[in-house]
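Heads up, the thing below is written out as structure tokens.
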Amino acid sequence: MAAVTIDGKALALDLQAALQIRVQALIQAGTRPALTVILVGADAASQVYVRNKVQGCERTGIVSAMLHYPSDVDPTIVFDRIAELNADPAIDGILVQLPLPAQFDESAILAAISPDKDVDGFHAANVGALTQGAPRFIPCTPYGVMKMLEKEKVELKGKEAVIIGRSNIVGKPMAALLLAKGATVTICHSQTRDLAFHTRRADVLVAAVGRPLMITGEMIKPGAIVIDVGINRLASGRLCGDVDFDSAKETAALITPVPGGVGPMTITMLLTNTVEAAERRSASVQAGAPH
Ligand code: NAP
Numbered sequence: 004m005a006a007v008t009i010d011g012k013a014l015a016l017d018l019q020a021a022l023q024i025r026v027q028a029l030i031q032a033g034t035r036p037a038l039t040v041i042l043v044g045a046d047a048a049s050q051v052y053v054r055n056k057v058q059g060c061e062r063t064g065i066v067s068a069m070l071h072y073p074s075d076v077d078p079t080i081v082f083d084r085i086a087e088l089n090a091d092p093a094i095d096g097i098l099v100q101l102p103l104p105a106q107f108d109e110s111a112i113l114a115a116i117s118p119d120k121d122v123d124g125f126h127a128a129n130v131g132a133l134t135q136g137a138p139r140f141i142p143c144t145p146y147g148v149m150k151m152l153e154k155e156k157v158e159l160k161g162k163e164a165v166i167i168g169r170s171n172i173v174g175k176p177m178a179a180l181l182l183a184k185g186a187t188v189t190i191c192h193s194q195t196r197d198l199a200f201h202t203r204r205a206d207v208l209v210a211a212v213g214r215p216l217m218i219t220g221e222m223i224k225p226g227a228i229v230i231d232v233g234i235n236r237l238a239s240g241r242l243c244g245d246v247d248f249d250s251a252k253e254t255a256a257l258i259t260p261v262p263g264g265v266g267p268m269t270i271t272m273l274l275t276n277t278v279e280a281a282e283r284r285s286a287s288v289q290a291g292a293p294h
């Protein structure tokens, strides 16, 4: 029987509608959620991602600003700007679009963002909080995947979860979140021997590699839940995931498409993190705390 497709776009729209209401409540209480996105250079994909993030803010009522620097900018200028944004009480979220040009030390940039405004959840303090089971900001893509699993009422306790990819952005935080829900988690990567051995025993399979159509139906356990994080462009110009959707849907029970799966959820969770930060700011203002 063919798998049921999880519609990430529809879920994202529902969640964004709920966020609009939270934003209105914040504005009425005197706090306007605000996100600043920093983009360095002219990478075409990064420009599209940043534009989508800014448009998402506009849709939900979050104030957004995009600071665009040339690719040869002196990193000191960006560090100084981040310090100003950290100190600005009207800013809830700061996001630096990755990747950065070679003159930047990416981890130093991520470390420069205040953990309280790190809406991407990449600061070491936030990674640590997530690992310890007390997250402040959850990285947006794995957060979106968890929301999809929640919406589909997937019980994770005791399930075999296999993640392909061990990046800081997707694979590792995904593992922490699935582990926290009681799944038995395996992370595969480029040195994994016999990838199919692992994928075939996965009740929940998350592919986050960046290799078009590498996971085929025969690598999937019958009845599995398949989450395709990959975004790849084929020579034809068509977008596809890491999973061969057509063959995988014949074996899986639930599957996410590309496009229209995880992608729209990622932006929605960025907006969610920004609203959560604004709600914390509003609560501390109500409590009379200095900010
Ligand atoms: P990344 O940093 O390049 O990580 C890719 C991972 O895949 C690495 O851990 C790598 O292993 C592993 N890998 C590479 N070849 C492999 C192979 N043959 N078998 C098993 N593992 C292999 O990528 P990322 O940032 O995590 O992103 C992954 C994909 O998700 C990309 O297509 C990206 O565009 C997409 N993405 C989508 C969203 C969204 O919103 N939908 C968000 C973020 C990323 P090593 O560590 O050993 O090199």
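Residue numbers (this note's numbering): 4 to 294. Cβ coordinates follow ideal geometry from the N, Cα and C atoms, glycine included.
Contact under 7 Å by Cβ, residue i with residue j
i      : j      : result
Thr277 : Pro78  : no
Leu70  : Ile97  : no
Phe82  : Ala127 : no
Ile228 : Val207 : yes
Leu242 : Pro260 : no
Asn89  : Ile270 : no
Pro142 : Gly124 : yes
Ala6   : Leu257 : yes
Leu22  : Leu273 : no
Gly174 : Ala205 : no
Val53  : Gly147 : no
Cβ neighbours of residue i in the same chain (closer than 8 Å, five flanking residues each side left out)
i      : result
Arg295 : The chain is shown from 4 up to 294; residue 295 falls before or after that span and cannot be answered.
Gly161 : Gly185, Ala186 and Thr187
Phe32  : Note on residue identity: the sequence assigns Ala, not Phe, to residue 32. Taken in chain order, the residues that qualify are Ser285 and Gln289.
Gln27  : Gly64
For residue i, the nearest candidate out of the options (CA to CA)
i      : options                           : result
Ala68  : Asp75, Arg62, Val57 and Ser74     : Val57
Thr8   : Asp249, Ala281, Glu282 and Met272 : Asp249
Arg25  : Ala292, Ala290, Ser285 and Gly291 : Ser285
Glu158 : Gly291, Ala183 and Val265         : Ala183
Ile223 : Gly240, Leu237, Ser239 and Thr254 : Thr254
Glu221 : Arg203, Val76, Arg62 and Leu101   : Arg203
Val99  : Asp91, Arg62, Val212 and Ser117   : Ser117
Leu29  : Leu16, Ala45 and Val66            : Val66
Ile172 : Lys156, Glu61 and Thr144          : Thr144
Met268 : Gly59, Pro225 and Thr219          : Gly59
Phe76  : Ala45, His192, Glu87 and Arg62    : A small correction: the amino acid at residue 76 is Val; Phe does not occupy that position in the sequence shown. Nearest C-alpha to Val76: Ala45.
Ala179 : Ile85, Glu87 and Gly131           : Gly131
Ile112 : Lys156, Arg84 and Val209          : Arg84
Met217 : Met177, Lys156 and His192         : His192
Same chain, Cβ closer than 6 Å to residue i, neighbours up to 5 away in sequence not counted
i      : result
Ala164 : Leu181, Ala186, Val188 and Val207
Leu103 : Val43 and Glu109
Asp17  : none
Ile166 : Gly174, Met177, Ala178, Ile190 and Val209
Same chain, Cβ closer than 7 Å to residue i, neighbours up to 5 away in sequence not counted
i     : result
Asp95 : Pro36, Ala37, Leu38, Lys120, Thr277, Ala280, Ala281 and Arg284
Thr34 : Ala281, Arg284, Ser285 and Val288
Any non-hydrogen atom of the ligand MG within 6 Å of residue i CB
i      : result
Val188 : This structure lacks the ligand MG; the ligands present are the ligand NAP.
Are the stretch 149–163 and the stretch 192–199 in contact at 8 Å, needing three or more beta carbon pairs? no
Contact between the stretch 41–50 and the stretch 11–29 is defined here as three or more beta-carbon pairs at a separation below 8 Å; is this criterion met? no
Check whether the stretch 100–111 and the stretch 131–150 are in contact - that is, three or more C-beta pairs closer than 8 Å. no
Taking the runs of the alpha helix (DSSP H) that are 4 residues or longer, which of them lie wholly in the stretch 160–185? 174–183
My parser needs the beta strand (DSSP E) runs of 3 or more residues fully inside the stretch 75–118; what are they? 96–99
Counting only runs of 4+ residues fully inside the stretch 247–278, write out the alpha helix (DSSP H) ranges in chain order. 248–251
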